[in-house]
Amino acid sequence: MKKGNGKGDELMASNYIRFDWAMKRLLRNKANFAVLEGFLTTLLNEKIVIQKLLESESNQEDEFDKYNRVDMLAENSKGELILIEVQNNNEYAYFQRMLFGTSKLVTEYINRGEGYDKVRKVYSVNIVYFSLGSGKDIVYHGKTEFRGIHQGDVLELTPFQKQTFKVDSVSQLYPEYYILKVNDFNQVARSPLEEWIYYMNTGDIPDGATAPGLDEARQRLKLDKMTKEELNAYYRHLDNIVILRDNIYTERAEGRAEGRMEEKREMVHNMKSLNIPLDTISQVTGLSIEEIKSL
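Next up, the structure:
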């Protein structure tokens with residue numbers, strides 16, 4: 006579904022519905038939970054059964070967020086919370102956004118007066134279509150550990166705590182974060198998780214893909230199952246994503262051009278202060294004599 010051009014990631018139609026649109030319109034239907042359950046099972050490496058979808062204040066969206074992002078909050082069969090967010094365009098403070106989202110869930114889903122043992126486990130699953138941070142991998146997992154500053158050992162739970170909380174490590178009590186940098190995947194899918202990332206990146210599902218949930222996606226997320234009105238709305242969604250990305254690309258390009266011009270202004274001022282001939286300044290900066298005189 007995605008092809009690169011000179012300005013950003015162009016989107017084009019394929020046989021299957023784009024994942025963020027499916028999350029917004031289709032996967033919220035209980036009949037389609039199997040698709041999402043398959044993805045989460047593949048990612049978290051344990052069987053995930055969605056009991057229900059929940060509403061969170063983070064689901065509120067403004068006009069920009071309408072196309073730029075989509076999120077879904079699910080509760081699994083163990084009572085744990087799973088926040089899935091798709092972000093289409095760059096957000097420089099996205100790491101803090103992830104922290105804010107999980108922190109709100111921890112406080113929203115505990116009743117006043119309940120003990121801290123009732124704090125819910127939270128998974129934050131982030132599917133990003135932009136270059137987040139600096140790293141070579143396409144999937145990152147973050148969790149909380151307490152490591153001794155003198156001995157280097159990891160602080161563990163007591164046997165009583167393990168039995169009470171039904172977990173094996175302290176990190177399992179804290180929110181866990183997953184980041185899928187799907188735009189960076191440009192190879193053949195060799196694992197179930199890579200098959201999912203391939204679909205998220207391209208909008209296509211390889212014939213031989215066997216990852217949990219993808220067979221259901223083949224059946225339920227095909228474009229030809231949509232009505233004409235749904236297709237029109239879907240294609241408008243794709244067009245708006247392209248426009249948003251192009252706008253951001255243009256703003257960045259203009260910002261870089263302005264930055265380069267500011268550097269040239271400073272260079273010209275410095276060279277003028279050294280009484281360097283204008284024609285020499287012109288050769289060095291690429292500016293005309295008239296432009297140099299006006300600075």
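Mapped onto this note's numbering, the consecutive letters of the sequence shown carry residue numbers 6 to 300.
Beta carbons: idealized from backbone N, C-alpha and C, even for Gly.
{"Item": "Opening and closing residue of the alpha helix (DSSP H) in which R74 lies", "Value": "Premise fails: R74 lies in the beta strand (DSSP E), R74 to N81, not in any alpha helix (DSSP H)."}
{"Item": "Cβ neighbour criterion (16 or more within 10 Å) applied to Y21", "Value": "buried"}
{"Item": "Enclosing beta strand (DSSP E) for Q92 [first to last residue]", "Value": "L86 to Q92"}
{"Item": "Between the CA atoms of E96 and Q65 - distance to the nearest angstrom", "Value": "Only weak support exists for where Q65 lies, its pLDDT of 48 falling under 50; the coordinates are left without a value."}
{"Item": "Cβ-Cβ separation, A194 to A214 (assumed contact under 8 Å), whole Å", "Value": "7 Å"}
{"Item": "Which of helix, strand or coil DSSP assigns to N131", "Value": "strand"}
{"Item": "Inter-stretch contact at 8 Å, needing at least 3 Cβ pairs: the segment 107-118 / the segment 138-153", "Value": "no"}
{"Item": "Spatial neighbours of Y128 in its chain, beta-carbon cut-off 6 Å, leaving aside the 5 residues before and after", "Value": "I87 and E181"}
{"Item": "N-terminal and C-terminal residue of the alpha helix (DSSP H) that K141 is part of", "Value": "Taken as a continuous stretch (DSSP letters only), K141 belongs to no alpha helix (DSSP H), as it is neither H nor E."}
{"Item": "For I22, three-class secondary structure by DSSP", "Value": "coil"}
{"Item": "Host alpha helix (DSSP H) of E42 (start-end)", "Value": "F38 to L49"}
{"Item": "Residue nearest to I202 in terms of C-alpha spacing, selected from E119, N34 and T47", "Value": "T47"}
{"Item": "Under the three-state DSSP convention, the category G147 falls into", "Value": "strand"}
{"Item": "Contact check, N131 vs I55, beta carbons under 8 Å", "Value": "no"}
{"Item": "Endpoints, alpha helix (DSSP H) assigned at K230", "Value": "Careful: K230 lies outside any alpha helix (DSSP H) and carries neither H nor E."}
{"Item": "Collapsed DSSP secondary structure at Q56 in the structure displayed", "Value": "strand"}
{"Item": "Cβ pair D25, V91 closer than 8 Å", "Value": "yes"}
{"Item": "Strand pairing of V159, partner residues [DSSP]", "Value": "R152"}
{"Item": "Residue from M205, N206 and D220 with nearest C-alpha to D212", "Value": "D220"}
{"Item": "6 Å Cβ shell around P197 - same chain, five flanking residues per side excluded", "Value": "T47 and A216"}
{"Item": "Rounded separation between K126 and E271 - CA only", "Value": "54 Å"}
{"Item": "Buried or exposed (CB count within 10 angstroms, at least 16 for buried), E119", "Value": "exposed"}
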